[in-house]
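S.K.: I'd like to ask some things about the structure below.
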Amino acid sequence: MRPNGAKPRLTDAALHLVLAVWALLVTLPLAWAVLSSLKTDAEIFASPWSLPASPQWGNWVRAWQEAQIGRYLLNTLIVVGGALVLVMLLGALTAYCLARYDFPGNRVIYFGLVAGMLFPVFLALVPLFFVVDQLGLLGTYHGLILVYAAYALPFTVFFLHAFFRGLPAATAEAAFIDGCSHAGVFFRVMLPMARPGIVSVGIFNFLGLWNQYLLPLVLNPDPDRYVLAQGLAALAVSQGYRSDFSGLFAGLVIAILPVLAAYVLFQRQIRAGLTAGAVR
Amino acid sequence: MRHGRYRFLIGALAPPLLLYGVFVVSPYAQAFYLALTDWDGLSAEAGMVGLANFADLWSDPLFLAALRNNGIMLVVVPTATIALALFFAACLTLGGGTKRRGVRGSGLYRIVYFFPQLLSVAILGVLFQFVYTPGDGLLNGVLGAVGLDGLQRAWLADPATALPAVTAVMVWSAVGFYVVLFTAAMESVPTDVVEAATLDGAGRFTVFRRITLPLVWDSVQVAYVYLGILALDGFALVQIMTVGPGGPDNATEVIGLTLYRAAFTYGEFGYASAMGVTLFFITLTLTALALRATRREKVELA
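Residue numbers (the numbering used here), protein chains in the order written: chain A, 21 to 300; chain B, 77 to 378.
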């Protein structure tokens, strides 16, 4: 074995150099956006590096109020929050029934649901637009919530199915003997036991739904109900015309901040949740 | 003991299956039918045109440009992302000698690297549109600062650099996720195997190639499929970032954009559905191929 002598230390320094370059590449655009959000337009044009003479918090106020980032954020929270609660409830229930009950058609339903992961959303896009339109749900919060939940369902069921399978049967048996109903066993015994899986897939779904751009673009045409992704894209166009770049950067930073805050607080769980989702 | 079993099952399964049937299964099924029609979205009846839509696709310059661009991204995005991620993951785990595994501060690197994964595509699109801006953009600013003024250009307005610029954003945002994924896989490689190889005189590179890589191959395979699906999309980035969108000169046209435009700008819903069906078969074929091509003799530790 090589002692921790001069050679490894030298290569460690080289490794750090390489790793630091990528860390810089990742942080630089974000730091630049934060910096620019606090500068005046003239300062932005003058140099990408310069520090603002005095921080222009007015940019943030303008983005929040005039450019309606606050409203878009609220819309996003309503739609993503609603869809998340709905898909977690329905997904957990479905996965539990399919994993713990044997009944005719079980496998058909399971594979039918899981097959949904194979299809690109673009394939469904045109008919989906007309289905949502005919149901009178175009441009409504609940319409978007239902569609989001429906498209997040396959992965949720797939992930939690394996999880419920792995839970011990004895606890559920005991609860049944104590006179617990089927629904009672699910909500009071199995759901709490599946908590780690629920958290993982919940984080995964939250970010997936937060990221949505295509579905709201097609199904949510009303500017008052724009979600953040749509709002930002529209802002980039309109502020670009009015050349209010500082306001645009402020809007961008406001949109990044909630995710950044959540990541700083829960980075370990978020990384574990997302990578667990990928290996399944 | 288990009375009310079926009542519970029906009560529990009916709502999710109804939701799934209405918003997922029925649109997918309808897409295959619509692809065979010339429906314009207005007329009550859709005329059957057979496979004419599919025939038209192959003489549609826009669709062919999209196919070419997605094809390029399909090669570049997974290859570049996986190569970079494997490299950084190896740097993170192989450093620090054989006793202490991983370089100092590897936790911090992982935290920083992973963050772009959390940015939504809309944020990425808007942010990088400004990174690439000719006048006051970050990229040209950096190039100017290090004396490479000659390389400065209008990245998204030049047909030669627009597609690479968009592709770079995909790679930039995906690398960190796979670094974390691969690092986790590499850390589960048992220490004694690595030590035994080192005792036998294997250097870091040999250890990586002969021991680590075969043991993390499962993760690489998964990464390939996910990144391939990512590369076949690209819609949001292109739609937000590029001129046109899809330009200049169709240089950044992607299948999703062609489909979206055909449907929601020109009202050619049958034609757009045919593109969706084509995309579906491409995805399916590539997934099957990727899983086959990357299949190796499974290495297992006894």
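Every residue gets a Cβ at the ideal spot worked out from N, C-alpha and C, and that includes glycine. Owing to the predicted nature of the structure, the values given are computational and were not obtained by experimental measurement.
For Val-202 of chain B, which residues in chain E fall below 8 angstroms Cβ to Cβ?
M.R.: The chain inventory of the structure shown lacks chain E, comprising the protein chains A and B.
S.K.: Can you list, in chain order, the residues of its chain with a C-beta nearer than 8 angstroms to that of Gln-193 of chain B? Leave out the 5 residues immediately preceding and following it.
M.R.: Ser-249, Ala-250, Gly-252 and Phe-253
S.K.: Here's a check: name, in chain order, each residue in its chain whose Cβ is nearer than 6 angstroms to the Cβ of Val-265 of chain B, leaving out the five neighbours to either side.
M.R.: Thr-288 and Leu-291
S.K.: Below 6 angstroms CB to CB, which residues in the same chain sit around Trp-84 of chain A once its five sequence neighbours on both sides are set aside?
M.R.: The residues Gly-90, in chain order, have a CB closer than 6 angstroms to that of Trp-84 of chain A in the same chain once the five nearest residues on each side in sequence are set aside.
S.K.: Could you work out which residues of chain B lie near Leu-164 of chain A, taking near to mean beta carbons separated by less than 8 angstroms?
M.R.: Within chain B, no residue comes near Leu-164 of chain A; the closest Cβ sits about 11 angstroms away, beyond 8 angstroms.
S.K.: Go ahead and label Gly-80 of chain B buried or exposed: buried means 16 or more other beta carbons lie within 10 angstroms of its beta carbon, across all protein chains shown.
M.R.: exposed
S.K.: Does the beta carbon of Phe-131 of chain A come closer than 7 angstroms to any beta carbon on chain B?
M.R.: No, Phe-131 of chain A lies away from the interface with chain B (no Cβ there is under 7 angstroms from its Cβ).
S.K.: Is any beta-carbon of chain B found at less than 7 angstroms from that of Asn-95 of chain A?
M.R.: Among the CB atoms of chain B, none fall inside 7 angstroms of the CB of Asn-95 of chain A.
S.K.: Gly-204 of chain A: beta carbon under 6 angstroms from a heavy atom of the ligand NAP?
M.R.: The ligand NAP is not part of the structure shown, which contains no ligands of any sort.
S.K.: Could you check whether the Cβ of Pro-278 of chain A sits closer than 7 angstroms to any Cβ belonging to chain B?
M.R.: no
S.K.: Can you list, in chain order, the residues of its chain whose CB lies under 7 angstroms from that of Phe-65 of chain A, leaving out five sequence neighbours each side?
M.R.: none
S.K.: Give me the chain B residues within the contact set of Thr-47 of chain A, using Cβ-Cβ distance strictly less than 7 angstroms, ordered along the chain.
M.R.: Val-188
S.K.: Looking at the structure shown, is Thr-318 of chain B part of a helix, part of a strand, or coil, going by DSSP?
M.R.: coil
S.K.: Is the beta carbon of Ser-67 of chain A closer than 7 angstroms to that of Phe-269 of chain A?
M.R.: no
S.K.: Would you mind telling me which residues of chain B sit closer than 8 angstroms to Gln-287 of chain A, beta carbon to beta carbon, in chain order?
M.R.: Listed along chain B are Ile-187 and Phe-190, each with a C-beta nearer than 8 angstroms to that of Gln-287 of chain A.
S.K.: Given that Ser-264 of chain B touches chain A, what residues does it touch there, using C-beta distances under 9 angstroms?
M.R.: Here the premise fails: no neighbours, minimum Cβ distance about 11 angstroms.
S.K.: Out of curiosity, what's the CA-to-CA distance linking Trp-69 of chain A and Leu-44 of chain A?
M.R.: 15 angstroms
S.K.: Just to confirm, are Gly-352 of chain B and Ala-107 of chain B a CB contact at a threshold of 7 angstroms?
M.R.: yes
S.K.: Under a CB-based cut-off of 7 angstroms, is Leu-110 of chain A close to chain B?
M.R.: Leu-110 of chain A counts as touching chain B.
S.K.: What does the alpha-carbon distance come out to for the pair Asn-216 of chain B and Gly-223 of chain B?
M.R.: 10 angstroms
S.K.: Provide the residue span of the alpha helix (DSSP H) that contains Asn-231 of chain A, from first to last.
M.R.: Run containing Asn-231 of chain A: none; DSSP gives neither H nor E here.
S.K.: At which residues does the alpha helix (DSSP H) containing Asn-216 of chain B begin and terminate?
M.R.: 214-221
S.K.: Using a 10 Å radius around the Cβ and a threshold of 16 neighbouring Cβ atoms, would you call Tyr-342 of chain B buried or exposed?
M.R.: exposed
S.K.: Is the separation between the beta-carbon of Gly-222 of chain A and that of Met-108 of chain A shorter than 7 angstroms?
M.R.: yes
S.K.: Counting along the chain, where does the alpha helix (DSSP H) carrying Ala-366 of chain B start and finish?
M.R.: 345-369
S.K.: Considering only residues of the same chain and omitting the five flanking positions on each side of Gly-267 of chain A, which have a CB-CB separation below 7 angstroms?
M.R.: The beta carbon of Gly-267 of chain A sits closer than 7 angstroms to those of Asn-79, Arg-82, Ala-83, Ala-87 and Gln-259, all from its chain and outside the five residues before and after it, given in chain order.
S.K.: Spatial neighbours of Gln-228 of chain B within its chain, please: C-beta separation below 6 angstroms, excluding the five flanking residues on both sides.
M.R.: Excluding residues within five positions, the ones whose Cβ falls inside 6 angstroms are Asn-216 and Leu-219.
S.K.: Suppose the cutoff is 8 angstroms on Cβ atoms and the five residues either side in sequence are ignored; what does the same chain contact list for Ile-20 of chain B look like?
M.R.: Residue 20 of chain B lies beyond the range of chain B shown here (77 to 378); nothing can be said about it.
S.K.: Between Tyr-104 of chain B and chain A, is any beta-carbon pair separated by less than 7 angstroms?
M.R.: yes
S.K.: Using a C-beta to C-beta distance shorter than 8 angstroms, which residues of chain B count as neighbours of Asn-79 of chain A?
M.R.: Going along chain B, no residue has its Cβ under 8 angstroms from Asn-79 of chain A, so there is no contact; the nearest lies around 14 angstroms.
S.K.: Is the shortest distance between the beta-carbon of Tyr-168 of chain A and the beta-carbons of chain B less than 7 angstroms?
M.R.: Not one beta carbon of chain B lies nearer than 7 angstroms to the beta carbon of Tyr-168 of chain A.
S.K.: Would you decide whether Ala-105 of chain B is buried or exposed? Buried here means 16 or more other CB atoms lie within 10 Å of its CB.
M.R.: exposed
S.K.: Secondary structure at Thr-259 of chain B, three-state DSSP: helix, strand or coil?
M.R.: helix
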